[in-house]
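Chains as they are written, first to last, in our numbering: chain A, 1 to 324; chain U, 1001 to 1291; chain W, 2001 to 2333.
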Amino acid sequence: MSDTSILRIRDLSVTFPGDAGVVHAVDGVDLDVRRGECLGVVGESGSGKTVTFLATLGLLAPPAHVAASCLSWQGTDLRGLSQAAWRALRGRDIALTMQDALTALNPALTVGTQIIEVLAAHGDLPSTAARRTRAAELLRLVGIADPVRQLGAYPHELSGGMRQRVMIAVALACGPKLLIADEPTTALDVTVQAQVLELLDSLRAELELSLVLITHNLGVVGAHCNRIAVMYAGQVVEIGPTARVIDRPAHPYTAALLDCLPRLDRLDVTLRPIQGSIPNLTHLPPGCRFAARCTSRVAACDLPQSMRNVGVDHAARCQLARVA
Amino acid sequence: MSASVAASPTALGLRRLCADHVSTLCIGVVVFAGLVALAAPWIAPHDPADADLMRRLQPPVWQDGGDWSYPLGCDGLGHDMLSRLIFGARVSLGVGFGVVAASTVIGTLLGMLAGFARGALDAVLSRIADVLLGFPYLVFAIGLMGMMGPGLSNIVLTLVLKEWVVAFRVARGETLGAREQDYVEASRALGCRPLRILREEILPNILSPVLVVATIRTAQVIIMEASLSFLGLGVQPPAVSWGAMVADGREFLADGWWVATLPGVAILIVVLAINLASQGAREAFDPRLHR
Amino acid sequence: MMRILQRLLHLIPVLLGTTLVVFAMTAATPGDPVQVMLGDQRVTPEQVEALRHDMGLDLPWPERMASFVWRAMHGDFGLSFFHRRPVIDVIADRLPATIELTLAATLLALLIGIPLGLFAGVRRGKLSDRIASVSALLGVSLPGFWLGLLLMLLFSVTLHWFPVSGRSGYSDEPPAVTHLLLIDTLLARDPQAFLGALRHLALPALTLALPMAAVLMRVTRAAVIDVMRTDYVLFAQAKGLSRARVLGLHVLKNALAPTISVTAIEIGALLGGNMIVESIFAWPGVGRLVVEAIFARNYPLVQAAVLLYAVVFVVLNTLADLLYSVLNPRISA
Chain A
1 MSDTSILRIR DLSVTFPGDA GVVHAVDGVD LDVRRGECLG VVGESGSGKT
51 VTFLATLGLL APPAHVAASC LSWQGTDLRG LSQAAWRALR GRDIALTMQD
101 ALTALNPALT VGTQIIEVLA AHGDLPSTAA RRTRAAELLR LVGIADPVRQ
151 LGAYPHELSG GMRQRVMIAV ALACGPKLLI ADEPTTALDV TVQAQVLELL
201 DSLRAELELS LVLITHNLGV VGAHCNRIAV MYAGQVVEIG PTARVIDRPA
251 HPYTAALLDC LPRLDRLDVT LRPIQGSIPN LTHLPPGCRF AARCTSRVAA
301 CDLPQSMRNV GVDHAARCQL ARVA
Chain U
1001 MSASVAASPT ALGLRRLCAD HVSTLCIGVV VFAGLVALAA PWIAPHDPAD
1051 ADLMRRLQPP VWQDGGDWSY PLGCDGLGHD MLSRLIFGAR VSLGVGFGVV
1101 AASTVIGTLL GMLAGFARGA LDAVLSRIAD VLLGFPYLVF AIGLMGMMGP
1151 GLSNIVLTLV LKEWVVAFRV ARGETLGARE QDYVEASRAL GCRPLRILRE
1201 EILPNILSPV LVVATIRTAQ VIIMEASLSF LGLGVQPPAV SWGAMVADGR
1251 EFLADGWWVA TLPGVAILIV VLAINLASQG AREAFDPRLH R
Chain W
2001 MMRILQRLLH LIPVLLGTTL VVFAMTAATP GDPVQVMLGD QRVTPEQVEA
2051 LRHDMGLDLP WPERMASFVW RAMHGDFGLS FFHRRPVIDV IADRLPATIE
2101 LTLAATLLAL LIGIPLGLFA GVRRGKLSDR IASVSALLGV SLPGFWLGLL
2151 LMLLFSVTLH WFPVSGRSGY SDEPPAVTHL LLIDTLLARD PQAFLGALRH
2201 LALPALTLAL PMAAVLMRVT RAAVIDVMRT DYVLFAQAKG LSRARVLGLH
2251 VLKNALAPTI SVTAIEIGAL LGGNMIVESI FAWPGVGRLV VEAIFARNYP
2301 LVQAAVLLYA VVFVVLNTLA DLLYSVLNPR ISA
């Protein structure tokens, strides 16, 4: 494996006890995040993409059960980390932003308070005045006009796009090396989406930040990510450089996802949705989980599938994938 | 994956309730108490008004000086505690269930009317409800009972007068929500008369929350009646009330702790059972709580 | 600001309605109130007529109603025949004792109920939560008067730790500054009197406080559980904030809002409950005065006290509403 990876996940599995049985939200996921890259993690609801990273950050509490053969951040083993060590890590080295900024920001506290408390928690900048200045700087960095005044604003007083920017400012307050952005554009209008993605791009360049973009929107990853990981029903089904995955998808699911996208340059083609729905996560089939919906299905698909190399730095969990 | 046969929300709720052992036990306790109250004249070992001064302050059977013919001892005038407790159940439970039943019916009817018709009727009724709610419960009850005088019918009247507002608010709120639903719009579009809509579309859907609130209130009303009787504003002798029994026992705290304590235990058991059962009912019938 | 004004304006019709209801209560007395009040006292027919005229009972009822409302607004509730003094004075004498008891009970209830609720909500499902929740359920199911007697039985009669009744055991009370014994004894630098007052206050305040603490505990716990599930608590944890800050600020500030509303309603229960507690512990306050007045058929006094309680309750509820919108800025927007 490349030694530029800063976050290493091997064989991660997350289960929850449910009413009808054990829910296998994440099953045997291997992922690397490399220094300076933008990794796109794509999947439908229920694919396990968010849970993977919540588990990696130790934010899943019992009754969730998290297990992995390797979970390390720049060499530090994250498994069994003490609460104090986690608190030092989160916000400072690795930061997270969430999908809906309206629910992620505390409605009863001002925007300024929520940025300053991160600075205070990690011991940056001893004086209150210095922290306020830095908070205003951060707001300016993420493109918010009149930052000093906005420090006193409450989340519900801001527009959706501004709220998402504020959340990014909170996440970047202590200068983390990795930002995990969970669906940063889903709750926003299309025009605002573009602005936020451009912001993330420029911040990446300016701050030497590594980025994980979790989304269900292939259009977003296509334009902004170096590599794409596609997840389905708790597993990674394809991972590789963006250009390759988009131009020559190796896994039928990836191909089907790309086919779903309406395209302005092919207006005569009818939309082709993927038939069926994701499998029940408490009763997973032993073989390929996408088999029931796959148009290329054969008998051998009912056997357990593992990741196969299909190119340079490109792998897919499908025996039908051709090595290019 | 097998598809489960759809059951009505009420049936589902009932099924969940029966599966909840604690709630079932509590419902059993309440039913038992109710049966005891109904069967009082036949199962009480002695006449509750029968006073034998030779037996005054006789301890319960497990202390020195007690005997099995008066298992829970006697009070300051020589009445049998067990018999008085059994007859006291009649008043406490009777007033409790009776007041809640009456106030729920009245409050629900008025609440549905106010919520559905809106306009002047709603405004007037809501104002009245606001004013009545502005009185602390016991202050209102004591004030009104103080003016009217004690007695069973006065207690029932006073408590119903304060309780109907609770059912009114719940029914009105639920009706306001229900009338915006599509199925009501559809009925209206079909030309159904308002009364029919109320009876057949709205009532079944608001029944569940109304009943859950009613069970919660029963416990409160029982404590209210007991408090009023404790102060001497409740039913008068020779009628027996648990609250009045506790008041009688005040002067004997040192020599006869059971006179004041045992009726309180009875109240506690019944009220606790109702509270636990209504908690279970709320969890069983409220779809939002069930993940 | 508009909201505050709106809310205050809304008070007026409610207070008016409350006054009318209290007036209507008097109309509910069976028989002739004057005869009932005088009982078997030896009075001449002229004195009866004079009293009837004093009480305004010889006027048609619309006039009586208007007169009652008008006089109530000026604090004139007539004479207490029993005490031979204006009703308002009699009540004012006993008011400090009730205020002291109610304040002490409210403080106790808040100090016991909210932390316990936070504790239980955070440890949801664990043994400590179950124990706390069962205790709260018991607290809600106990009749207040029985709790008072039990506490008296245990701590006064059996253990002799606290006195059985009364407000102070000392014949010489400290110079009255606030009329609140606890504070006055401190101001007079009399530690013995302070301790004595405290010992007398303990059981009545505890009896009054515990049921309210149980309710507050349950409400706080439910609110805390709801808040712990929100995204902003998860985000706060993802930022690496200390547990103390997450709980103390993020959780508590949002969980307190519903608790405040309930506190106001529960203080209403306190206002009624102190009638019972004052009767049990012979606490010389307004509550006990009312109960005595009822049995003495002293209707003007009962009327005045009920109206006073109701007005206080309505005002408190309005304050709680306003406080809620301060704690939850989204509402006032």
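By construction, the Cβ of each residue, glycine as well, lies at the ideal position given by its N, Cα and C atoms.
Apart from the 5 residues on each side of it in sequence, residue 220 (chain A) sits with its Cβ closer than 8 angstroms to the Cβ of 40, 185, 193, 197, 213 in its chain, given in chain order. Each of U:1278, U:1090, U:1116, U:1079 was checked against the Cα of residue 2141 (chain W), and the nearest Cα belongs to U:1278. For the 7 angstroms CB-CB criterion, residue 2324 (chain W) and residue 105 (chain A) do not form a contact. Between residue 2238 (chain W) and residue 96 (chain A), the C-beta spacing is below 7 angstroms. Sequence-distant partners of residue 174 (chain A) (beyond 5 residues in either direction) whose C-beta falls short of 7 angstroms from its own C-beta, in its chain, are 91, 92, 118, 119, 122, 124. Taking 7 angstroms as the cut-off between beta carbons, the residues of the segment 2249-2262 of chain W near chain A are 2250, 2253, 2254, in sequence order. The CB of residue 121 (chain A) comes closer than 9 angstroms to the CB of 2239, 2240, 2241, 2242, 2245 in chain W, given here in chain order. If you look at residue 260 (chain A), you'll find it in the alpha helix (DSSP H) that goes 252-260. Collapsing the DSSP output to three states places residue 2080 (chain W) in a strand. Less than 7 angstroms separates the beta-carbon of residue 1175 (chain U) from that of residue 1115 (chain U). Beyond the five residues adjoining it in sequence on each side, residue 2086 (chain W) comes within less than 8 angstroms, by CB distance, of 2076, 2077, 2078, 2079, 2080 in the same chain, given in chain order. Across the set U:1039, U:1097, U:1177, the C-alpha of U:1177 shows the shortest separation from the C-alpha of residue 1203 (chain U).
Contact check between the segment 223-239 of chain A and the segment 43-52 of chain A: three or more CB pairs, one atom from each, fall below 8 angstroms, which counts as touching.
Looking at the backbone, the Cα of residue 43 (chain A) and that of residue 94 (chain A) are separated by about 22 angstroms. Two segments are said to touch when three or more pairs of C-beta atoms, one from each, lie closer than 8 angstroms; by this definition the segment 1072-1080 of chain U does not touch the segment 1090-1101 of chain U.
Contact note: residue 2232 (chain W) reaches chain A through 103, 104, 105, 106, using a C-beta cutoff of 7 angstroms and chain order. Around the beta-carbon of residue 2168 (chain W), 16 or more other beta-carbon atoms lie within 10 Å, marking it buried.
For residue 222 (chain A), no CB of chain W lies under 7 angstroms from its own CB, so it is not counted at the interface with that chain. Exposed is the label assigned to residue 2053 (chain W), since fewer than 16 other Cβ atoms lie within 10 Å of its Cβ. Pairing residue 2204 (chain W) with residue 2101 (chain W) gives a Cβ-Cβ distance under 7 angstroms.
Burial is judged here by how many other beta carbons sit within 10 angstroms of a residue's own beta carbon; residue 276 (chain A) has fewer than 16 and is exposed. Counting only Cβ-Cβ distances below 8 angstroms, residue 2096 (chain W) has no contacts in chain U at all, with the closest Cβ about 19 angstroms away.
Counting other Cβ atoms within 10 Å of its Cβ, residue 309 (chain A) stays below 16 and is therefore classed as exposed.
Contact check for residue 2272 (chain W) against residue 1136 (chain U) passes: the beta carbons are separated by less than 7 angstroms. Nearest Cα to residue 31 (chain A) within the set A:10, A:111, A:19, A:134: A:10. In chain order, 230, 237, 238, 316, 317, 318, 321 place their CB closer than 7 angstroms to the CB of residue 251 (chain A), counting only its own chain and leaving out the 5 sequence neighbours on each side. Scanning chain W for C-beta atoms nearer than 9 angstroms to the C-beta of residue 118 (chain A) yields 2239, 2240, 2241, reported in chain order.
The Cβ neighbour count for residue 1196 (chain U), taken over all protein chains shown within 10 Å, is under 16; the residue is labelled exposed. Of the residues U:1034, U:1117, U:1236, the one whose Cα lies closest to the Cα of residue 1180 (chain U) is U:1117.
Look at the beta carbons and you see the segment 2280-2290 of chain W touching the segment 2093-2100 of chain W: at least three pairs across the two are nearer than 8 angstroms. Segment contact: the segment 1245-1258 of chain U against the segment 2143-2153 of chain W, three or more CB-CB distances shorter than 8 angstroms; contact assigned. In the displayed model, residue 301 (chain A) falls within a helix according to three-state DSSP. Within chain W, the residues 2140, 2141, 2142, 2143 have their CB atoms less than 9 angstroms from the CB of residue 1271 (chain U), given in chain order. For the 7 angstroms CB-CB criterion, residue 1165 (chain U) and residue 1138 (chain U) do not form a contact. The Cβ-Cβ distance between residue 2025 (chain W) and residue 1144 (chain U) falls below 7 angstroms. No Cβ-Cβ contact shorter than 7 angstroms links residue 2082 (chain W) with residue 2023 (chain W).
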